[in-house]
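Residue numbers (the numbering used here), protein chains in the order written: chain L, 1 to 125; chain P, 126 to 250. The beta-carbon is built from N, C-alpha and C at its ideal position, and this holds for glycine as well.
2 protein chains.
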Amino acid sequence: MYKLNFKTDGALIPAIVQDHKTGEVLMLAYMNQEAWEATVTTGNATYFSRSRQKLWVKGETSGHLQRVKEIRIDCDDDTVLLKIEQIGDAACHTGHRSCFHKKLENGSITIVGKPVFDPEEVYKT
Amino acid sequence: MYKLNFKTDGALIPAIVQDHKTGEVLMLAYMNQEAWEATVTTGNATYFSRSRQKLWVKGETSGHLQRVKEIRIDCDDDTVLLKIEQIGDAACHTGHRSCFHKKLENGSITIVGKPVFDPEEVYKT
Numbered sequence: 001m002y003k004l005n006f007k008t009d010g011a012l013i014p015a016i017v018q019d020h021k022t023g024e025v026l027m028l029a030y031m032n033q034e035a036w037e038a039t040v041t042t043g044n045a046t047y048f049s050r051s052r053q054k055l056w057v058k059g060e061t062s063g064h065l066q067r068v069k070e071i072r073i074d075c076d077d078d079t080v081l082l083k084i085e086q087i088g089d090a091a092c093h094t095g096h097r098s099c100f101h102k103k104l105e106n107g108s109i110t111i112v113g114k115p116v117f118d119p120e121e122v123y124k125t
Numbered sequence: 126m127y128k129l130n131f132k133t134d135g136a137l138i139p140a141i142v143q144d145h146k147t148g149e150v151l152m153l154a155y156m157n158q159e160a161w162e163a164t165v166t167t168g169n170a171t172y173f174s175r176s177r178q179k180l181w182v183k184g185e186t187s188g189h190l191q192r193v194k195e196i197r198i199d200c201d202d203d204t205v206l207l208k209i210e211q212i213g214d215a216a217c218h219t220g221h222r223s224c225f226h227k228k229l230e231n232g233s234i235t236i237v238g239k240p241v242f243d244p245e246e247v248y249k250t
């Protein structure tokens, strides 16, 4: 297993998630060693959820898995770039394709694009 | 100034840096409040250097500034995506266009692309 530079025990490494075809940046999440190993071995993007403090297979609730097509690592081994296929088309829990749907212009936010799915339908509570 | 969610005093927010034309992800850096304000007001990507623990105008040494073309913010305001024009063509201190020039395949790294510049020439020490 390729060794990332986690720097300290328990440190997390950011993973940038990009659509493997369009290059659109979909989200950013964090990995611990376990998440990194799971991502590489299963081919399903797996993160460490900071809010829930546990391993998080992206799409485990919604079914919207991220299939890893290519893995890039940065010059100093402390950031990962995943090029993925997003099952279900949307990476954001809001239903938008990308988490980066807020565009800042002249101090104001414009929402780019419309939700692909209704979060209340997908995350039935 | 649009308020990012820094969560705690002194916390840093990751900024993903993407070529505004090609969509190539070039690097990831971190911002504190001062770096965020400088980026928005000057239009030159400005970060907080974790190794040097100070404000870092990208390109201040090499002349390879990053001109900000578009700013995106993620759903929960704790990550920034900058779409930029990279002056001098390379964002990485190694001379590569992207810091993400290490491709992981079957456990091994392949270097993608060749350096655009010679770091020893650009960062004269």
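>> Going by C-alpha to C-alpha distance, which of L/63, L/46, L/64 sits closest to residue 128 of chain L?
In response: Any answer about residue 128 of chain L is impossible in this case: the structure gives chain L only from 1 up to 125.
> Contact between the stretch 68 to 79 of chain L and the stretch 94 to 108 of chain L: three or more CB pairs below 8 Å?
Replying inline: By the Cβ test, the stretch 68 to 79 of chain L is not in contact with the stretch 94 to 108 of chain L, since fewer than three Cβ pairs between them sit closer than 8 Å.
> Among P/246, P/156, P/129, which residue has its Cα nearest to the Cα of residue 175 of chain P?
Replying inline: That would be P/156, whose Cα lies nearest to the Cα of residue 175 of chain P.
> Under 7 Å between C-beta atoms, does residue 175 of chain P make it to chain L?
Replying inline: No, its Cβ sits nowhere closer than 7 Å to a Cβ of chain L.
> What is the DSSP secondary structure of residue 57 of chain L, counted as helix, strand or coil?
Replying inline: DSSP, read as helix, strand or coil, puts residue 57 of chain L in strand.
> Does any residue of chain L bring its CB to less than 7 Å from the CB of residue 225 of chain P?
Replying inline: Yes, because at least one Cβ of chain L sits closer than 7 Å to the Cβ of residue 225 of chain P.
> If the cut is a Cβ gap below 9 Å, which residues of chain L does residue 199 of chain P touch?
Replying inline: By Cβ distance, chain L contributes 27, 28, 92, 98, 99, 100, 101, 102.
> What is the DSSP secondary structure of residue 210 of chain P, reduced to helix, strand or coil?
Replying inline: In the structure shown, residue 210 of chain P sits in a strand (DSSP, three-state: E or B).
> Leaving out five residues before and five after residue 29 of chain L in sequence, what residues of the same chain have Cβ atoms less than 6 Å from its Cβ?
Replying inline: Cβ within range, chain order: 15, 47.
>> By the 8 Å beta-carbon criterion, what residues does the stretch 11 to 25 of chain L contribute toward chain P?
In response: Hits within the stretch, in order: 14, 16, 18, 22, 23, 24, 25.
>> Within 7 Å of any Cβ in chain C, is that where the Cβ of residue 47 of chain L sits?
In response: In the structure shown, chain C does not exist; the protein chains are L and P.
> Terminal residues of the continuous alpha helix (DSSP H) containing residue 35 of chain L?
Replying inline: Membership of residue 35 of chain L in the alpha helix (DSSP H) is indicated by the continuous run 33 to 42.
> Near residue 18 of chain L, which residues of its chain fall below 6 Å by C-beta distance, leaving aside the five closest residues on each side in sequence?
Replying inline: Around residue 18 of chain L: 25, 83.
> Looking at C-alpha atoms only, which residue of P/147, P/213, P/159 is the closest neighbour of residue 135 of chain P?
Replying inline: The residue with the shortest Cα to Cα distance from residue 135 of chain P is P/159.
>> For residue 119 of chain L and residue 101 of chain L, which I take to be in contact (beta-carbon distance under 8 Å), what is that distance rounded to the nearest angstrom?
In response: With a Cβ gap of about 13 Å, residue 119 of chain L and residue 101 of chain L do not count as contacting.
> How many angstroms separate the CA atom of residue 109 of chain L from the CA atom of residue 91 of chain L?
Replying inline: For the pair residue 109 of chain L and residue 91 of chain L, the Cα-to-Cα distance works out to about 20 Å.
>> Can you tell me whether residue 105 of chain L is helix, strand or coil according to DSSP?
In response: For residue 105 of chain L, the three-state secondary structure derived from DSSP is strand.
> Would you call the CB atoms of residue 60 of chain L and residue 20 of chain L closer than 7 Å?
Replying inline: No, Cβ-Cβ distance for residue 60 of chain L and residue 20 of chain L is not below 7 Å.
> Based on the DSSP secondary-structure assignment, which residues constitute the bridge partners of residue 15 of chain L?
Replying inline: The partner list for residue 15 of chain L (beta bridge, DSSP) reads L/29, L/80.
> Is there at least one Cβ from chain L nearer than 7 Å to residue 207 of chain P's Cβ?
Replying inline: With its beta carbon at least 7 Å from every one in chain L, residue 207 of chain P lies outside the interface.
> Does residue 2 of chain L come within less than 7 Å of chain P when only Cβ atoms are used?
Replying inline: Yes, contact with chain P.
>> DSSP has residue 173 of chain P in a bridge; who is on the other side?
In response: According to the DSSP secondary-structure assignment, residue 173 of chain P is paired through a beta bridge with P/180.
> How should residue 164 of chain P be labelled, buried or exposed, when 16 other C-beta atoms within 10 angstroms of its C-beta is the threshold for buried?
Replying inline: Buried is the call here.
> Cβ of residue 204 of chain P less than 7 Å from any chain L Cβ?
Replying inline: Closer than 7 Å: yes.
> What are the boundary residues of the beta strand (DSSP E) that includes residue 70 of chain L?
Replying inline: DSSP places residue 70 of chain L inside the beta strand (DSSP E), whose first and last residues are 66 to 73.
> For residue 66 of chain L, does the count of other Cβ atoms within 10 angstroms reach 16, so buried, or fall short, so exposed?
Replying inline: Residue 66 of chain L should be labelled buried.
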